[in-house]
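Numbering (UniProt numbering), first residue to last: 1 to 455. Think of the CB as a built atom: it goes at the ideal place given N, C-alpha and C, for glycine as much as any other residue. First up is the structure itself, then whatever we jot down about it.
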């Protein structure tokens, strides 16, 4: 085992069968062959190479015809797998029809094939990501609707802050994932672009003014956009998608972190989906560890670190680079498989999340009214002045903790509070956390409706 994604034990945790398949030797080589077959086909249509040669090349270009042991040997010798694939095409076609194999790979260079295959692999990966994002947002909508009015405490610096609703918390997450869906749609047009320019990108070997025709026809055949100019050493497309993976998994990790904190024994407001022995300890039978959240945060942190390597890979020399390009070969498969796995685990976590609304209500009472001190302060401010009210409530909150009595009890007994003219009923209303969730419910509704600010 060279990595966790290769491990029989770990590969379905830190990867997924679907994403691993996309980045396998078999799929990558299949896309090399698809490029070569498509190139031969369009060049025959344009009269650049003989039709008979194109037909023979197409007949060979199936991954089952590749000798992978020989390809490994050639790759170790040459340094790149594409030339090893082309050599097999030439040799096998020539063996059946001498000379016709020489028309394979006409006018192309190694990086044309490699980059285009990578773009096709990224396209397939983004399809998986899009599907996962749709699943996540669908389940989040259910949580938002179900709990849009479920009161809980908001936390600032890990301290109880003010009341809000659990639906509000989930709607913020939903809005973020909806933005990721927008980003994904925007990225596709910049990413899904053919690379075909020959040695230095100038299409110098495609004569008689047919270079652009060949390029456009090849792009259409592969379902990609034609480039405005070669991008052999302009790697912003790849770095951008890596940055997107870092963003989307960062959101997964933020959610997972909140779940871990809310699952603490002393908090107990949510639980991960229950499966027998899921997250069990080898020595502490009572434990139910937030294992899905642990994996999500670990994978997301790794994706963020790997994304930095893609920004390093942008710094390439001249028209064909001496090393930075290969960074992409190392990190992209890991980033893509880790991202898809993190998204699927996030989907499962959201779908099966156990929400303990009774504990959320109980936790609102821990501070004996301190959690609504802002509401009380603002209720007293019109009569006493905001700063005076702040200092008064501050002192009463400290006494509440020291004397272990409720803030409401101290408010009833305070002379300045009585002088403010607030009735007992008004004080009780101010001290009820449910009355101080602001526009939580309305904001949830706005997110669910997809309404943008200003609409």
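**Asked** By Cβ distance below 6 Å, which residues in the same chain neighbour residue 343 in space, the five residues on each side in sequence not counted?
**Response** The residue given as residue 343 occupies position 343 in the chain shown. Within the same chain, 132 come within 6 Å of residue 343 by CB-CB distance, once the 5 residues on both sides are set aside.
**Item:** Same chain, Cβ closer than 7 Å to residue 219, neighbours up to 5 away in sequence not counted
**Value:** Numbered from its first residue, the chain shown carries residue 219 at position 219. The beta carbon of residue 219 sits closer than 7 Å to the beta carbons of 194, 225 and 226 from its chain, once the five residues preceding and following it are set aside; these are given in chain order.
**Message:** Nearest by alpha-carbon distance to residue 152: which of 368, 163, 203 and 146 is it?
**Reply:** By one-based count along the chain shown, residue 152 stands at place 152. Nearest option by C-alpha distance: 163.
**Asked** What residues match up with residue 159 in a beta bridge as DSSP calls it?
**Response** Stepping through the chain shown from its first residue, residue 159 is reached at position 159. For residue 159, which the question treats as bridged, DSSP gives the partners 156.
**Message:** Checking 8 Å against the spacing of the C-beta atoms, do residue 175 and residue 447 come in under that value?
**Reply:** As a first step, residue 175 must be located in the chain shown, where it is residue number 175. As a first step, residue 447 must be located in the chain shown, where it is residue number 447. Their beta carbons are under 8 Å apart, which means residue 175 touches residue 447 by this criterion.
**Item:** Residue range of the unbroken alpha helix (DSSP H) whose run includes residue 394
**Value:** Residue numbering aside, residue 394 sits at position 394 when the chain shown is read from its first letter. Unbroken alpha helix (DSSP H) run through residue 394: 386–403.
**Asked** Would DSSP call residue 420 helix, strand or coil?
**Response** In the chain shown, the residue the question calls residue 420 occupies position 420. If DSSP states are grouped into helix, strand and coil, residue 420 belongs with the helices.
**Message:** I'd like to know whether the C-beta atoms of residue 118 and residue 336 end up nearer to each other than 8 Å.
**Reply:** As a working note, residue 118 is residue 118 in the chain shown. As a working note, residue 336 is residue 336 in the chain shown. No.
**Message:** Helix, strand or coil, according to DSSP, for residue 270 in the structure here?
**Reply:** Looking up residue 270 in the chain shown gives position 270. The answer is strand: DSSP assigns residue 270 an E or B state.
**Beta-carbon gap between residue 273 and residue 348 smaller than 8 Å** = Indexing the chain shown from 1 puts residue 273 at position 273. Indexing the chain shown from 1 puts residue 348 at position 348. Yes. Within cutoff.
**Asked** Does the distance from the CB of residue 399 to the CB of residue 411 come in under 8 Å?
**Response** The count along the chain shown starts at 1 and reaches residue 399 at position 399. The count along the chain shown starts at 1 and reaches residue 411 at position 411. Contact: no.
**Asked** Taking three-plus beta-carbon pairs below 8 Å as touching, is the stretch 51–68 in contact with the stretch 94–103?
**Response** yes
**Message:** Which same chain residues end up closer than 7 Å to residue 433 when comparing Cβ atoms and leaving out the 5 residues on each side of it in sequence?
**Reply:** Locating residue 433 in the chain shown gives position 433, where the first residue counts as 1. Answer for residue 433: 151, 163, 364, 371 and 372, listed in chain order.
**Message:** Closer than 8 Å is the cut-off here; do at least three beta carbon pairs connect the stretch 27–36 with the stretch 348–358?
**Reply:** Judged by pairs of C-beta atoms under 8 Å, the stretch 27–36 does not touch the stretch 348–358, as fewer than three such pairs exist.
**Message:** Only counting the same chain, and skipping five residues up and downstream in sequence, which positions put a Cβ closer than 7 Å to that of residue 345?
**Reply:** In the chain shown, residue 345 corresponds to position 345, counting from 1. These residues qualify, in order along the chain: 292, 295 and 296.
**Prompt:** Can residue 53 and residue 103 be called in contact, C-beta distance under 8 Å?
**Reply:** Position 53 of the chain shown, counted from the start, is the residue given in the question as residue 53. Position 103 of the chain shown, counted from the start, is the residue given in the question as residue 103. Yes, Cβ-Cβ distance for residue 53 and residue 103 is below 8 Å.
**Request:** Pull up the distance between the alpha-carbon of residue 156 and that of residue 238, whole angstroms please.
**Result:** For the purposes of this step, residue 156 is identified with residue 156 of the chain shown, where counting begins at 1. For the purposes of this step, residue 238 is identified with residue 238 of the chain shown, where counting begins at 1. Computed Cα separation, rounded: 37 Å.
**Message:** Which residue wins for smallest C-alpha separation from residue 31, given the options 113, 80 and 10?
**Reply:** The residue labelled residue 31 in the question sits at position 31 within the chain shown. Residue 113 is the option with its Cα nearest to residue 31.
**Item:** residue 40 burial status per 10 Å Cβ neighbour count (16 or more: buried)
**Value:** Taking the first residue of the chain shown as position 1, residue 40 is located at position 40. With 16 or more other Cβ atoms within 10 Å, it is buried.
**Message:** Let me make sure I understand the geometry here. Which of 167, 422 and 122 has the alpha-carbon closest to that of residue 537?
**Reply:** In the structure as shown, the chain begins at 1 and stops at 455. Residue 537 is therefore absent and cannot be evaluated.
**Asked** Skipping 5 residues on each side, what residues in its chain have a beta carbon closer than 8 Å to that of residue 136?
**Response** Along the chain shown, one-based indexing puts residue 136 at 136. Excluding sequence neighbours, residue 136 sits near 177, 343, 346, 347 and 350.
**Prompt:** According to the Cβ coordinates, are residue 80 and residue 110 closer than 8 Å?
**Reply:** Working through the chain shown from its first residue, we reach residue 80 at position 80. Working through the chain shown from its first residue, we reach residue 110 at position 110. The answer is yes: Cβ separation under 8 Å.
**Prompt:** Grouping DSSP H, G and I as helix and E and B as strand, with all else coil, what is residue 453?
**Reply:** Along the chain shown, one-based indexing puts residue 453 at 453. Residue placement at residue 453 is flagged as unreliable, the pLDDT there being 45, under the threshold of 50; the coordinate-derived value follows with that caveat. It is coil, neither helix nor strand.
**Message:** Rounded to whole angstroms, what is the Cα-Cα separation between residue 202 and residue 45?
**Reply:** Within the chain shown, residue 202 is the residue found at index 202, counting from 1. Within the chain shown, residue 45 is the residue found at index 45, counting from 1. Using only the alpha carbons, I get a separation of about 21 Å.
**Asked** So, do the stretch 234–253 and the stretch 302–318 have three or more beta carbon pairs nearer to each other than 8 Å?
**Response** yes
**Message:** If I measure Cβ to Cβ from residue 260 and keep anything under 6 Å in the same chain, skipping five residues before and after, which residues do I get?
**Reply:** Sequence index remark: in the chain shown, residue 260 carries index 260 (1-based). Cβ neighbours of residue 260 beyond the five flanking positions: 290 and 293.
**Cα-Cα separation, residue 14 to residue 5** = Position 14 of the chain shown, counting from 1, holds the residue named residue 14. Position 5 of the chain shown, counting from 1, holds the residue named residue 5. Whole-angstrom Cα-Cα distance: 6 Å.
**Item:** Neighbourhood of residue 302 by C-beta, 7 Å cutoff - its chain only, sequence neighbours within 5 removed
**Value:** On the chain shown, position 302 is the one that residue 302 refers to. So the qualifying residues of the chain are 338.
**Asked** Going by beta carbon distance, what residues of the same chain come within less than 7 Å of residue 206, once the five residues before and after it are set aside?
**Response** By 1-based counting over the chain shown, the position of residue 206 is 206. If we look at residue 206 and ignore the five residues flanking it on each side, its Cβ neighbours are 48, 107 and 214.
**Bridge partner(s) assigned by DSSP for residue 355** = Start at 1 with the first residue of the chain shown, and residue 355 comes out as number 355. Looking at the DSSP assignment, residue 355 forms a beta bridge with 270.
**Prompt:** For residue 225, which beta-bridge partners are listed by DSSP?
**Reply:** Here residue 225 is taken as the residue at index 225 of the chain shown, counted from 1. Answer by DSSP bridge pairing, in chain order: 193.
**Item:** Distance between residue 66 and residue 90 (C-alpha atoms, nearest Å)
**Value:** Residue numbering aside, residue 90 sits at position 90 when the chain shown is read from its first letter. Residue numbering aside, residue 66 sits at position 66 when the chain shown is read from its first letter. Straight-line measurement puts the Cα of residue 66 at about 12 Å from the Cα of residue 90.
**Request:** Could you name each continuous alpha helix (DSSP H) segment of 4 residues or more that falls completely within the stretch 106–150, going from the start of the chain to the end?
**Result:** 110–147
**Request:** Taking 8 Å as the cut-off, decide whether the C-beta atoms of residue 473 and residue 20 are in contact.
**Result:** Because residue 473 is not part of the residues shown, which for the chain are 1 to 455, the question remains open.
**Prompt:** Is residue 389 closer than 8 Å to residue 396 when the C-beta atoms are compared?
**Reply:** As a position in the chain shown, residue 396 is number 396, starting the count at 1. As a position in the chain shown, residue 389 is number 389, starting the count at 1. Against a cut-off of 8 Å, the Cβ pair of residue 389 and residue 396 comes out as no contact.
**Request:** Please report the Cβ distance between residue 387 and residue 420, rounded to the nearest whole angstrom; I am assuming they are in contact, meaning their Cβ atoms lie under 8 Å.
**Result:** The residue you call residue 387 lines up with position 387 of the chain shown. The residue you call residue 420 lines up with position 420 of the chain shown. Actually they are not in contact, since the Cβ atoms of residue 387 and residue 420 sit about 14 Å apart, beyond 8 Å.
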